[in-house]
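Asker: In my numbering, the protein residues as written are 1 to 149.
The C-beta atom is built at its ideal place from N, Cα and C for all residues, glycine as well.
Predicted, not measured: the structure shown is a model, and the values here were computed from it.
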(Lines of atoms letter the chains of each structure in order from A and count residues from 1; the text may use other names and numbers.)
(Lines give C-alpha, C1' and ligand atoms only; values in the text may rest on other atoms or scores of the structure.)
Protein backbone atom coordinates (compact mmCIF):
# COMPACT_ATOMS: atom_id res chain seq x y z
CA UNK A 1 0.00 0.00 0.00
CA UNK A 2 1.21 3.48 -0.84
CA UNK A 3 0.00 6.96 0.05
CA UNK A 4 0.04 9.30 -2.95
CA UNK A 5 -1.03 12.91 -3.37
CA UNK A 6 -2.74 13.96 -6.61
CA UNK A 7 0.51 14.88 -8.38
CA UNK A 8 2.11 11.57 -7.37
CA UNK A 9 -1.02 9.67 -8.46
CA UNK A 10 -0.87 11.34 -11.88
CA UNK A 11 2.87 10.66 -12.19
CA UNK A 12 2.29 7.00 -11.34
CA UNK A 13 -0.55 6.81 -13.89
CA UNK A 14 1.68 8.23 -16.62
CA UNK A 15 4.37 5.67 -15.74
CA UNK A 16 1.77 2.88 -16.01
CA UNK A 17 0.69 4.16 -19.44
CA UNK A 18 4.27 4.39 -20.67
CA UNK A 19 5.13 0.89 -19.47
CA UNK A 20 1.83 -0.80 -20.37
CA UNK A 21 2.17 -3.85 -22.57
CA UNK A 22 -1.20 -4.90 -24.07
CA UNK A 23 -3.33 -6.78 -23.67
CA UNK A 24 -3.75 -5.22 -20.24
CA UNK A 25 -6.84 -4.80 -18.06
CA UNK A 26 -6.86 -2.52 -15.01
CA UNK A 27 -9.90 -2.39 -12.71
CA UNK A 28 -10.08 0.92 -10.83
CA UNK A 29 -11.94 0.66 -7.53
CA UNK A 30 -12.83 3.32 -5.00
CA UNK A 31 -15.57 5.59 -3.75
CA UNK A 32 -16.70 8.72 -5.58
CA UNK A 33 -13.97 11.34 -5.62
CA UNK A 34 -11.05 9.07 -4.78
CA UNK A 35 -9.24 9.62 -8.07
CA UNK A 36 -10.26 6.79 -10.40
CA UNK A 37 -10.85 9.09 -13.38
CA UNK A 38 -7.75 11.15 -12.55
CA UNK A 39 -5.67 7.97 -12.62
CA UNK A 40 -7.34 6.72 -15.83
CA UNK A 41 -6.59 10.04 -17.56
CA UNK A 42 -2.96 9.89 -16.48
CA UNK A 43 -2.60 6.30 -17.73
CA UNK A 44 -4.10 7.32 -21.08
CA UNK A 45 -1.75 10.31 -21.29
CA UNK A 46 1.24 8.12 -20.48
CA UNK A 47 0.18 5.68 -23.20
CA UNK A 48 0.27 8.51 -25.72
CA UNK A 49 -3.38 9.54 -25.97
CA UNK A 50 -3.55 13.15 -27.09
CA UNK A 51 -6.35 15.55 -26.22
CA UNK A 52 -8.98 15.41 -23.51
CA UNK A 53 -9.96 12.15 -21.83
CA UNK A 54 -13.45 12.80 -20.43
CA UNK A 55 -15.16 10.55 -17.94
CA UNK A 56 -17.24 7.96 -19.82
CA UNK A 57 -19.99 7.96 -17.17
CA UNK A 58 -22.76 8.72 -19.67
CA UNK A 59 -21.29 7.10 -22.79
CA UNK A 60 -19.99 4.12 -20.75
CA UNK A 61 -17.02 3.52 -23.08
CA UNK A 62 -14.47 5.62 -24.94
CA UNK A 63 -11.74 4.19 -27.19
CA UNK A 64 -8.56 6.17 -27.93
CA UNK A 65 -5.56 5.76 -30.22
CA UNK A 66 -2.31 5.69 -28.26
CA UNK A 67 1.30 5.23 -29.37
CA UNK A 68 3.11 2.10 -30.58
CA UNK A 69 -0.06 0.65 -32.12
CA UNK A 70 -1.83 0.57 -28.76
CA UNK A 71 -5.38 1.62 -27.92
CA UNK A 72 -6.80 2.74 -24.59
CA UNK A 73 -10.35 1.68 -23.78
CA UNK A 74 -11.83 3.62 -20.85
CA UNK A 75 -15.01 2.12 -19.41
CA UNK A 76 -17.19 3.47 -16.60
CA UNK A 77 -19.74 0.96 -15.29
CA UNK A 78 -21.27 3.27 -12.66
CA UNK A 79 -24.65 3.41 -14.45
CA UNK A 80 -24.83 -0.32 -15.24
CA UNK A 81 -27.83 -1.78 -13.42
CA UNK A 82 -27.22 -5.43 -14.25
CA UNK A 83 -24.10 -7.32 -15.20
CA UNK A 84 -25.69 -8.52 -18.45
CA UNK A 85 -25.62 -4.94 -19.80
CA UNK A 86 -21.84 -5.11 -20.31
CA UNK A 87 -22.27 -7.46 -23.27
CA UNK A 88 -23.78 -4.56 -25.23
CA UNK A 89 -20.36 -2.85 -24.95
CA UNK A 90 -18.58 -5.63 -26.86
CA UNK A 91 -17.34 -7.03 -23.54
CA UNK A 92 -16.48 -10.46 -24.96
CA UNK A 93 -13.85 -8.86 -27.23
CA UNK A 94 -11.96 -7.12 -24.40
CA UNK A 95 -9.08 -6.85 -24.34
CA UNK A 96 -7.76 -7.19 -27.86
CA UNK A 97 -4.03 -7.69 -28.38
CA UNK A 98 -3.48 -3.93 -28.72
CA UNK A 99 -5.66 -2.66 -25.86
CA UNK A 100 -5.09 -1.19 -22.45
CA UNK A 101 -8.52 -1.46 -20.82
CA UNK A 102 -9.34 0.77 -17.83
CA UNK A 103 -12.54 -0.14 -15.97
CA UNK A 104 -14.05 2.24 -13.41
CA UNK A 105 -16.70 0.80 -11.07
CA UNK A 106 -15.84 -2.84 -11.91
CA UNK A 107 -18.11 -3.99 -9.07
CA UNK A 108 -21.00 -3.76 -11.55
CA UNK A 109 -19.55 -6.64 -13.59
CA UNK A 110 -17.68 -8.60 -10.94
CA UNK A 111 -18.46 -12.06 -12.30
CA UNK A 112 -17.40 -11.30 -15.88
CA UNK A 113 -14.29 -9.15 -15.38
CA UNK A 114 -11.53 -10.13 -17.80
CA UNK A 115 -8.54 -12.02 -16.45
CA UNK A 116 -5.68 -11.58 -16.03
CA UNK A 117 -5.95 -8.02 -14.70
CA UNK A 118 -4.65 -5.54 -12.18
CA UNK A 119 -6.90 -4.33 -9.38
CA UNK A 120 -6.13 -0.81 -8.16
CA UNK A 121 -8.04 0.33 -5.09
CA UNK A 122 -8.05 4.01 -4.14
CA UNK A 123 -9.16 5.15 -0.69
CA UNK A 124 -9.08 8.42 1.17
CA UNK A 125 -6.15 8.83 3.54
CA UNK A 126 -5.92 10.85 6.75
CA UNK A 127 -4.66 13.80 4.72
CA UNK A 128 -7.43 15.13 2.43
CA UNK A 129 -4.83 15.58 -0.33
CA UNK A 130 -3.65 11.96 -0.29
CA UNK A 131 -5.00 8.61 -1.44
CA UNK A 132 -4.14 5.17 -0.17
CA UNK A 133 -3.37 2.97 -3.16
CA UNK A 134 -3.49 -0.82 -3.13
CA UNK A 135 -2.32 -2.84 -6.14
CA UNK A 136 -3.24 -6.51 -6.63
CA UNK A 137 -2.72 -8.90 -9.53
CA UNK A 138 -5.52 -11.26 -10.55
CA UNK A 139 -3.95 -14.04 -12.59
CA UNK A 140 -0.68 -13.06 -14.25
CA UNK A 141 -1.14 -9.68 -15.97
CA UNK A 142 1.75 -7.95 -17.71
CA UNK A 143 3.79 -5.92 -15.21
CA UNK A 144 3.10 -2.31 -14.30
CA UNK A 145 5.14 0.07 -12.12
CA UNK A 146 4.69 -0.12 -8.36
CA UNK A 147 2.98 2.94 -6.83
CA UNK A 148 5.78 3.29 -4.30
CA UNK A 149 8.41 4.13 -6.89
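Could you say which of 50, 53, 101, 75 lies nearest to residue 25 if we only look at CA atoms?
Answerer: 101
Asker: So if DSSP puts residue 119 in a beta bridge, which residue, or which two residues, is it bridged to?
Answerer: Residue pairing from DSSP places residue 119 in a beta bridge opposite 27, 136.
Asker: Report yes or no: do three or more beta-carbon pairs, one from the stretch 45-59 and one from the stretch 122-142, lie closer than 8 Å?
Answerer: no
Asker: Starting from residue 79, trace the beta strand (DSSP E) in both directions and tell me its first and last residue.
Answerer: From DSSP, residue 79 is part of no beta strand (DSSP E); its letter is neither H nor E.
Asker: Cα separation between residue 99 and residue 72?
Answerer: Rounded to the nearest angstrom, the two C-alpha atoms are 6 Å apart.
Asker: Would you kindly work out how many angstroms separate the C-alpha atoms of residue 11 and residue 4, rounded to a whole number?
Answerer: 10 Å
Asker: Kindly indicate the opening and closing residues of the beta strand (DSSP E) around residue 63.
Answerer: Where residue 63 is concerned, the enclosing beta strand (DSSP E) stretches over 61-65.
Asker: Can you look up residue 89 in the DSSP assignment and give me helix, strand or coil?
Answerer: The answer is helix: DSSP assigns residue 89 an H, G or I state.
Asker: Shortest alpha-carbon distance to residue 81 belongs to which of 66, 110, 70?
Answerer: 110
Asker: What is the rounded straight-line gap between the Cα of residue 37 and the Cα of residue 44?
Answerer: Roughly 10 Å between the two C-alpha positions.
Asker: Quick one: grab the DSSP three-state call for residue 2.
Answerer: strand
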